[in-house]
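J.: FYI, the numbering used here numbers position 92 of the sequence shown as 103, with every residue one higher than the one before it.
C-beta: ideal position from N, C-alpha, C; glycine also.
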Amino acid sequence: MVFINEDILAESENEYSLSENQNNVEVSYSTNTGDEKSKFEWGDADTRLLLDLYHSGLPDVGPLKKYPNKKALWHYISQDIKSQVKLERTPGQRETRLKTILKRKTKIRKIMKLLERPGLNSV
């Protein structure tokens, strides 16, 4: 699967590919110049930090608040994680990771709802 972030696309054509294993997600990044792909792994600690910063900053998004829009929040999150974990990832990569987590959460909730149906227990 190839993801292209619209903000980065304005600067140059970049490609992101995503592959998942049990606990980590590996994101590959390459520019259109044919450079080597640099790989990032999202570990549990990185993901938890991302979620904590997002949920703590989300109430501060608004016209007269600390972050005027979500783009500013993602920029702050990117800088904060960079200083804490010493890994460089773009705000777009962090936003993509959050969207992936939320999709998984929704899928798990749907599966759990199906399993809770009374007709399934009688089999």
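So the candidates are Lys97, Pro70, Ser89; which of them puts its Cα closest to the Cα of Arg108?
T.: That would be Ser89, whose Cα lies nearest to the Cα of Arg108.
J.: What did DSSP end up calling Glu127 once you bin it into helix, strand or coil?
T.: The answer is coil: DSSP assigns Glu127 none of H, G, I, E or B.
J.: By the 10 Å Cβ neighbour count, where 16 or more other Cβ atoms means buried, how is Arg105 classified, buried or exposed?
T.: That one is buried.
J.: Look at the alpha carbon of Ile122 and the alpha carbon of Lys110, and state the distance between them as a whole number of angstroms.
T.: The alpha-carbon atoms of Ile122 and Lys110 are separated by roughly 19 Å.
J.: Identify every residue that forms a DSSP beta bridge with Tyr78.
T.: In the DSSP output, where bridge partners are listed per residue, Tyr78 has Val72.
J.: In its own chain, which residues sit with a C-beta less than 7 Å from the C-beta of Lys81, not counting the 5 before and 5 after it?
T.: Around Lys81: Val72.
J.: Once you ignore the five residues that flank Tyr87 on each side, which residues in its own chain have a CB closer than 7 Å to its CB?
T.: Counting only Cβ-Cβ distances below 7 Å, and skipping sequence neighbours, we find Gly68, Tyr78.
J.: Assign Ile122 to one of three DSSP states: helix, strand, or coil.
T.: DSSP places Ile122 in helix when its eight states are reduced to three.
J.: According to DSSP, simplified to helix, strand and coil, what is Glu106?
T.: Here Glu106 sits in helix by DSSP.
J.: Which word fits Leu98, buried or exposed, when buried means at least 16 other C-beta atoms lie within 10 angstroms of its C-beta?
T.: Exposed, because fewer than 16 other Cβ atoms sit within 10 Å of the Cβ of Leu98.
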